[in-house]
Amino acid sequence: MARFNVALTRAMSKLIIIGCAHVLGTDSKWSAYMELSEDLCAFFGAPYAKRTQIVMDDIVRRFGQVQMLDTQNNH
């Protein structure tokens, strides 16, 4: 928590954060910060839509259906 606070409060003029919004959004602090940034029209980049539990469950279900094929070892 301390590093998060330092990173956000030390900026003198502007703060540029580069990263994957979906990955950062899995953390409650970053998610809240990104939502605040959107509300203030200060979020730029690919649109960020917080994934609902239904969407997350669907992603997990689809990954479970993937069959991996090891062509190198004929499995």
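Using full-length UniProt numbering, read the sequence shown as starting at 1 and increasing by one per residue.
Beta carbons: idealized from backbone N, C-alpha and C, even for Gly.
The structure displayed is predicted, hence computed values, not measured ones.
Nearest to H22 (by Cα), restricted to the options E35, M12, L15 and F63:
What you label residue 22 is simply residue 22 of the sequence shown in a count that begins at 1. The shortest C-alpha separation from H22 is found at E35.
So the candidates are R3, V60 and L8; which of them puts its Cα closest to the Cα of Y33?
For this step, residue 33 is matched to residue 33 along the sequence shown. The shortest Cα separation from Y33 among R3, V60 and L8 belongs to L8.
What is the rounded straight-line gap between the Cα of I17 and the Cα of M56?
Position 17 of the sequence shown holds residue 17. Position 56 of the sequence shown holds residue 56. Spanning the two alpha carbons is a distance of roughly 25 Å.
If you follow the alpha helix (DSSP H) that S37 is in, where does it begin and where does it stop?
The residue labelled residue 37 in the question sits at position 37 within the sequence shown. Element bounds for S37: S28 to D39.
Do K50 and S28 come within 8 Å of each other at the CB atom, strictly closer than that value?
Working through the sequence shown from its first residue, we reach residue 28 at position 28. Working through the sequence shown from its first residue, we reach residue 50 at position 50. Not closer than 8 Å, so no.
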